[in-house]
Amino acid sequence: MCDCLFELTTTCAYCLRKAGKEIDAVYPVYDWKTNKLLGYYCKEHFLKVKIRNLIEETVEKQANPVEA
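Shown next, in the form of structure tokens:
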């Protein structure tokens, strides 16, 4: 089997490092609004992606506030 193929559940989608070889583990990140899987990320990139997802949602809400 070729080592150039990526396994989505064991490879960081941001830096493409493999769990078990270069990093300890990868963690799933879900869009909190739609519960859609965004990808699997190492510890370093997990928070970056999760925070970016939340910031984008906050910006959307500020741009289109719901009128009461």
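The sequence shown runs 1 to 68 under our numbering.
Yeah, the Cβ is synthetic: ideal placement off N, Cα and C, and Gly gets one too.
As the structure is a computational prediction, the values presented were derived from the model and not from experiment.
| Asked | Found |
| --- | --- |
| For residue 29: DSSP bridge partner residues | 39 |
| Sequence-distant residues of its chain with Cβ nearer than 8 angstroms to residue 11 (five each side left out) | 17, 18, 19, 26, 40 |
| Which listed residue (8, 13, 54, 23) has its alpha carbon closest to that of residue 34 | 54 |
| Per DSSP, cross-strand counterpart(s) of residue 23 | 19 |
| 8 angstroms Cβ cutoff, residue 20 in contact with chain B | In the structure shown, chain B does not exist; there is a single protein chain. |
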